[in-house]
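In order, the protein sequence lines correspond to chains A and B.
For the first sequence, my numbering assigns the number 50 to the initial residue and increments by one for each residue that follows.
For the second sequence, my numbering assigns the number 3 to the initial residue and increments by one for each residue that follows.
We treat Cβ as the ideally placed atom computed from N, Cα and C, and that holds for glycine.
This report refers to the structure that appears directly beneath it.
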Amino acid sequence: MGNSIGENMITEELLKNRSGFEEKIRKLVGRPVLLIELDMFALPCGCAGITANTRGLEVDDLDVFEPQLLPYLKEMASNLGVKPSVVFARLVPGSSIVASLNWRVLCSRCYPEFARGEGKTPRPDLYLLQFEKRK
Amino acid sequence: MKLFVPSPGHISSLKTLLEARDRIYSIFMAGSPDYIGTGRSNLASPQLEDIAAQTEYAHRHGVRVEMVLNSSCMGGRQLTPEGFRINHWYIERLVDIGVDSIVVADPYLVETIARDFDIDVVVSVLAFVDSPQKAEFYENLGASSIVIDSNVNRHFDVLHAIRDSVDCELKLLVNEGCLYRCPFRYAHFNFFSHAFGPEPRPNVLDDYYYYKCLELRIVNPELIIKSPWIRPEDIRQYRDITDVYKIGGRTHFVDWILNCTNAYHNESYEGNLMDLLDCPKDLKDLFYIPNKSLDGVIEQWKSCKKVCKRCGYCKVLTKKITQVYIKGGTESETLAPWETLSVRT
Numbered sequence: 050m051g052n053s054i055g056e057n058m059i060t061e062e063l064l065k066n067r068s069g070f071e072e073k074i075r076k077l078v079g080r081p082v083l084l085i086e087l088d089m090f091a092l093p094c095g096c097a098g099i100t101a102n103t104r105g106l107e108v109d110d111l112d113v114f115e116p117q118l119l120p121y122l123k124e125m126a127s128n129l130g131v132k133p134s135v136v137f138a139r140l141v142p143g144s145s146i147v148a149s150l151n152w153r154v155l156c157s158r159c160y161p162e163f164a165r166g167e168g169k170t171p172r173p174d175l176y177l178l179q180f181e182k183r184k
Numbered sequence: 003m004k005l006f007v008p009s010p011g012h013i014s015s016l017k018t019l020l021e022a023r024d025r026i027y028s029i030f031m032a033g034s035p036d037y038i039g040t041g042r043s044n045l046a047s048p049q050l051e052d053i054a055a056q057t058e059y060a061h062r063h064g065v066r067v068e069m070v071l072n073s074s075c076m077g078g079r080q081l082t083p084e085g086f087r088i089n090h091w092y093i094e095r096l097v098d099i100g101v102d103s104i105v106v107a108d109p110y111l112v113e114t115i116a117r118d119f120d121i122d123v124v125v126s127v128l129a130f131v132d133s134p135q136k137a138e139f140y141e142n143l144g145a146s147s148i149v150i151d152s153n154v155n156r157h158f159d160v161l162h163a164i165r166d167s168v169d170c171e172l173k174l175l176v177n178e179g180c181l182y183r184c185p186f187r188y189a190h191f192n193f194f195s196h197a198f199g200p201e202p203r204p205n206v207l208d209d210y211y212y213y214k215c216l217e218l219r220i221v222n223p224e225l226i227i228k229s230p231w232i233r234p235e236d237i238r239q240y241r242d243i244t245d246v247y248k249i250g251g252r253t254h255f256v257d258w259i260l261n262c263t264n265a266y267h268n269e270s271y272e273g274n275l276m277d278l279l280d281c282p283k284d285l286k287d288l289f290y291i292p293n294k295s296l297d298g299v300i301e302q303w304k305s306c307k308k309v310c311k312r313c314g315y316c317k318v319l320t321k322k323i324t325q326v327y328i329k330g331g332t333e334s335e336t337l338a339p340w341e342t343l344s345v346r347t
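What follows is the structure, given as structure tokens:
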């Protein structure tokens with residue numbers, strides 16, 4: 050098993066992590082949240098990472114359970130060999146809906162877009178859970 | 003029994019679908035979004051020559067073809083001279099091709115098609131016919147068939163009143179899993195009508211209505227039980243109202259459509275109720291609701307007053323039968339009672 054993106058990553062590992070992460074979130078928030086799809090991705094700009102599309106997870110859950118959620122997010126990244134510079138939730142703006150959780154290794158072009166924003170929601174559809182500012 | 007079965011919209015899926023032609027009375031599909039569009043999502047946008055080829059193929063195998071042009075919102079374009087001309091031209095072509103019926107949701111289109119063309123006009127479920135008065139209105143406008151608003155699928159008094167009020171064909175949509183009295187219904191179908199209708203189409207990243215619908219059911223699967231679907235086993239309860247049934251699901255694989263077709267044809271299904279529901283299909287990998295565990299429940303629903311707070315029947319039933327997949331997609335996959343995973347209902 051490899052531990053970096055694209056190296057020997059096998060589908061069984063993704064399946065195992067999808068169900069394991071789903072189980073942890075369910076126990077945390079107390080309802081059967083559905084992790085409808087877990088993807089690893091690479092973008093033409095140079096960003097790469099993981100996306101977990103969620104159904105039944107709400108913005109309030111992030112507010113209330115963020116400290117408990119963060120270790121699970123880190124564990125997922127570690128399991129799939131990704132060292133994200135930003136972890137964020139994508140929201141449906143103006144609603145309670147969390148559409149996805151995202152672990153992203155930012156490229157040099159996209160980094161400033163995240164770095165310039167202020168607070169937890171630099172854009173109406175983003176909720177930052179972790180961001181490593183470069184020195 | 004006359005079964006109307008969805009077709010994804012291309013000839014190859016139609017060929018597979020019609021392997022079950024002895025169980026199918028008619029297929030239905032959407033046309034090109036460039037003209038009238040439809041109130042639901044689509045996988046294909048068959049052009050006139052594709053529709054002609056599929057109609058010829060279906061007729062050759064003894065199956066009728068119904069075109070669904072049931073946009074719930076056309077932004078008023080249908081009332082403009084240009085819109086009238088385009089719509090008329092398109093319907094004329096469909097009539098020339100030989101399709102057997104056209105489904106529309108707009109009363110104006112019901113009247114103009116019935117007046118100007120020799121073709122069966124079907125009132126869409128998206129016209130929300132939920133009373134004898136509305137049914138009479140559409141029949142007088144020229145409708146030859148009405149798909150009754152699925153919200154009243156379990157209101158037997160209303161269904162009988164509609165049956166007693168009109169002579170035209172009545173159809174029941176049997177497997178729509180939408181929320182009972184869904185508050186998103188109008189906004190969602192209007193959104194679909196624009197997204198799957200003529201340009202300009204909205205460039206939408208996330209479908210709020212769908213996500214919210216899923217969220218509500220994940221929090222409370224009682225909302226799935228209360229959706230007005232009709233189980234295959236319960237079809238016989240509707241015999242004195244109609245023998246014409248429509249299966250929803252034109253965005254599914256043919257295998258799924260055939261599974262539904264067989265279930266309703268056989269009036270029996272062993273398995274997960276969620277397998278049969280057109281929507282919300284994403285939750286079939288979350289909930290397992292044994293269809294057979296619902297045997298006889300319709301007797302309660304036939305006399306249900308729909309005051310859930312006082313009754314609580316569906317709440318108790320949901321807790322009793324709903325299971326959730328744990329460790330889904332892995333070798334350790336198992337089922338657990340929904341109640342054990344939920345701290346709020």
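Comparing alpha carbon positions, the residue from K228/B, S147/B, V149/B, S195/B closest to G179/B is K228/B. Proximity of V141/A to chain B, defined by a Cβ-Cβ separation below 8 angstroms, is satisfied. When F70/A, G105/A, G143/A, I99/A are compared, the shortest CA-CA separation from P173/A is found for G143/A.
Take the alpha-carbon of S195/B and the one of C75/B: they are about 6 angstroms apart. For the pair of segments examined, the region 13-30 of chain B was found to touch the region 54-71 of chain B: the number of CB pairs separated by less than 8 angstroms reaches three. Inclusion of G41/B and L96/B in the CB contact set at 8 angstroms is not warranted, their separation being larger than that value.
Annotation: K182/A to V221/B spans about 36 angstroms, alpha carbon to alpha carbon. The contact set of D24/B on chain A, defined by CB atoms closer than 8 angstroms, is empty, because the minimum CB distance reaches about 36 angstroms. The C-beta distance from A101/A to L87/A rounds to 5 angstroms, short enough to fall under 8 angstroms. Under the DSSP assignment, W258/B falls outside any beta strand (DSSP E), being part of the alpha helix (DSSP H) whose first and last residues are 256-268. Assignment of beta strand (DSSP E) within the region 23-51 of chain B, counting only whole runs of 3 or more residues, yields 28-32 in chain order. Residue environment: D169/B is assigned as exposed (fewer than 16 neighbouring CB atoms within 10 Å of its CB, all protein chains considered).
By the CB criterion at 8 angstroms, G105/A and V131/A fall outside the cutoff. According to the DSSP assignment, N102/A belongs to no alpha helix (DSSP H) but to the beta strand (DSSP E) extending over 97-104. The region 18-33 of chain B and the region 175-193 of chain B do not touch, with fewer than 3 CB-CB distances between them shorter than 8 angstroms. Annotation for M125/A: the continuous alpha helix (DSSP H) segment containing it runs 108-128. The beta carbon of M69/B sits closer than 8 angstroms to the beta carbons of F30, M31, A32, G33, I53, L96, V101, S103, I104, V105 from its chain, once the five residues preceding and following it are set aside; these are given in chain order. When the beta-carbon positions are compared, I249/B and N177/B come within less than 8 angstroms of each other.
By the neighbour-count criterion, in which 16 or more other beta carbons inside 10 Å mark a residue as buried, N66/A falls on the buried side. DSSP places D98/B in the helix class (H, G or I) of the three-state scheme. N274/B sits in a strand when the DSSP states are folded into three classes. Only residues of its own chain outside the window of five on either side were considered, and among them I13 have a CB closer than 7 angstroms to the CB of A55/B, listed in chain order. Fewer than three pairs of CB atoms, one per stretch, sit closer than 8 angstroms, so the region 112-126 of chain B makes no contact with the region 151-159 of chain B. By a beta-carbon distance limit of 8 angstroms, V65/B contacts L20/B. Their separation comes to about 6 angstroms. Along the region 89-105 of chain A, the positions whose C-beta sits under 9 angstroms from a C-beta of chain B are R104, G105, read in chain order.
Here W91/B is exposed: its Cβ has fewer than 16 other Cβ atoms, across all protein chains shown, within 10 Å.
Excluding five sequence positions before and after L63/A, the CB atoms of its chain that fall closer than 6 angstroms to its own CB belong to L87, given in chain order. DSSP, reduced to helix, strand and coil, places A338/B within a strand of the structure shown. Separation of the CB atoms of S73/B and A107/B is rounded to 7 angstroms, and the pair is thereby assigned contact status at 8 angstroms. As the crow flies, the alpha-carbon of L118/A is around 36 angstroms from that of R183/B. Using a CB distance below 9 angstroms, the part of the region 170-182 of chain A facing chain B consists of D174, ordered along the chain. Contact check for V78/A and Y176/A: beta-carbon distance about 15 angstroms, past the 8 angstroms limit, so the pair fails to qualify.
The beta carbon of V154/A is closer than 7 angstroms to those of C96, A97, G98, V131, K132, P133, S134 in its chain, skipping five residues each way along the sequence. With contacts defined by Cβ atoms closer than 8 angstroms, F6/B and Y240/B do not form a contacting pair.
Out of L143/B, F193/B, C262/B, D245/B, the CA that lies nearest to the CA of P204/B is found in F193/B. At least one CB atom of chain B sits nearer than 8 angstroms to the CB of R75/A.
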